[in-house]
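Visitor: Following this message is one structure expressed as structure tokens.
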Amino acid sequence: MIRKFNILLLLLGLNCVYAHAQNVQVSIRELRNAKGQVILNIYNSEASYDKEQPLKTFKFDKKML
Numbered sequence: 476m477i478r479k480f481n482i483l484l485l486l487l488g489l490n491c492v493y494a495h496a497q498n499v500q501v502s503i504r505e506l507r508n509a510k511g512q513v514i515l516n517i518y519n520s521e522a523s524y525d526k527e528q529p530l531k532t533f534k535f536d537k538k539m540l
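In this text, residue positions in the sequence shown follow this note's numbering: the first is 476, and each later residue adds one.
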């Protein structure tokens with residue numbers, strides 16, 4: 476599940492490279508519980524994804540979602 480989510484974020488990040496002036500909206504739904512965090516990593520290349528070196532990381536407390 477996390478791998479699929481990271482791949483989606485990689486694709487969204489690559490889309491941002493081609494269109495710097497656009498906004499990206501990510502919807503997160505159906506979390507199992509309110510414990511912990513949701514971490515959103517943005518990658519700017521396949522190489523940075525393979526090395527697990529995100530361009531930007533966002534952390535959200537689940538209680539706030």
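Virtual Cβ for every residue (Gly too), placed ideally from N, Cα, C. Everything numeric in this text was worked out from a predicted model, so none of it was measured.
#1: Just confirm the distance between the C-beta atoms of K537 and L506, as a whole number of angstroms; I'd bet it's less than 8 Å.
#2: Within the same chain, show all residues whose beta-carbon is closer than 7 Å to that of V513, passing over the 5 residues directly before and after it, in chain order.
#3: Does the ligand NAD have even one heavy atom less than 6 Å from the beta-carbon of D536?
Guide: Walking through what the data contain:
#1: Your numbering for residue 537 matches position 62 in the sequence shown. Your numbering for residue 506 matches position 31 in the sequence shown. That belief holds up - the Cβ atoms of K537 and L506 are roughly 6 Å apart, short of 8 Å.
#2: For this step, residue 513 is matched to residue 38 along the sequence shown. Taken in chain order, the residues that qualify are I503, F535, K537, L540.
#3: Because no ligand of any kind appears in the structure shown, any question about the ligand NAD cannot be addressed here.
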